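Engineer: In my numbering, the protein residues as written are 76 to 244. Where is the CB? At the ideal position from N, CA and C, for every residue including glycine. Everything numeric in this text was worked out from a predicted model, so none of it was measured.
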């Protein structure tokens with residue numbers, strides 16, 4: 076008798092009526108997508124030709140676009156790697172703490188009058204990052220790494236930060 080009660084409960088729990096009508100896959104409206112209209116447009120904050128010019132490459136090639144954006148190009152001394160990140164709720168204090176935890180050298184700087192940080196990895200003079208407060212909310216950062224040497228990566232990262240703020244054009 077107990078087994079019959081359990082079966083009846085399970086069968087009753089698994090049956091329900093769903094309102095609406097069935098439609099063929101792909102025929103639905105897809106719902107409201109207005110909140111996603113600018114998804115990943117952060118990667119277009121600076122145009123590819125401007126990135127190439129800032130790092131001294133003829134051209135850059137988009138790699139990964141997702142939580143961060145990556146490009147590679149042929150720099151003056153070999154491959155140059157460029158990374159852009161943004162954190163809508165991030166802070167420069169958190170960036171400093173994370174960089175110091177990783178053993179990076181962190182210096183205060185400014186980008187177009189805004190507080191910013193310049194970061195270098197230990198024993199890697201060919202890479203540098205600059206993070207700044209975004210023009211709306213949160214923070215953004217650029218990392219430039221020249222493999223095989225090249226110009227000052229901090230200057231390239233700072234140039235990209237200025238272009239991102241769009242105050243220099």
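(1) Among 96, 172, 215, which residue has its Cα nearest to the Cα of residue 236?
(2) Indicate the three-state DSSP secondary structure (helix, strand or coil) for residue 149 in the structure shown.
(3) Tell me the rounded alpha-carbon separation between residue 160 and residue 131.
(4) Using DSSP's beta-bridge definition, name the partner residues of residue 192.
(5) Are residue 202 and residue 221 touching if we call contact CB-CB under 9 Å?
(6) Does the segment 149-159 touch the segment 183-196, meaning 3 or more C-beta pairs lie closer than 8 Å?
(7) With distance defined between alpha-carbon atoms, name the residue in 157, 193, 138, 209 nearest to residue 127.
(8) Among the residues of its own chain, which have a CB less than 8 Å from the CB of residue 212, if the five just before and after it don't count?
(9) Classify residue 136: buried if its beta carbon has 16 or more other beta carbons within 10 angstroms, exposed otherwise.
(10) Tell me the DSSP bridge mates of residue 135?
(11) Could you give the first and the last residue of the continuous alpha helix (DSSP H) run that contains residue 222?
(12) Is residue 108 buried or exposed, if buried means 16 or more other CB atoms sit within 10 Å of its CB?
(13) Give me the Cα-Cα distance between residue 184 and residue 94, rounded to the nearest whole angstrom.
Structural biologist: By the coordinates alone:
(1) Measuring from the Cα of residue 236, the nearest candidate turns out to be 215.
(2) Strand.
(3) Taking the straight line from one Cα to the other gives about 20 Å.
(4) According to DSSP, which records beta bridges pairwise, residue 192 is partnered with 183, 206.
(5) With contacts defined as CB atoms closer than 9 Å, residue 202 and residue 221 qualify as a contacting pair.
(6) Result no; under three Cβ-Cβ pairs closer than 8 Å.
(7) Closest in alpha carbon position to residue 127, among 157, 193, 138, 209, is 157.
(8) Residues of the same chain with a CB within less than 8 Å of the CB of residue 212, apart from the 5 flanking positions on each side, are 163, 164 in chain order.
(9) By the neighbour-count criterion, in which 16 or more other beta carbons inside 10 Å mark a residue as buried, residue 136 falls on the exposed side.
(10) In DSSP, residue 135 forms a bridge with 148.
(11) That residue, residue 222, is in no alpha helix (DSSP H); it is neither H nor E in DSSP.
(12) Unreliable placement is indicated for residue 108, whose pLDDT of 46 sits below 50; the coordinate value is still reported in the next sentence. Within 10 angstroms of the beta-carbon of residue 108 lie fewer than 16 other beta-carbons, which makes it exposed.
(13) For residue 184 and residue 94, the distance between alpha carbons rounds to 59 Å.
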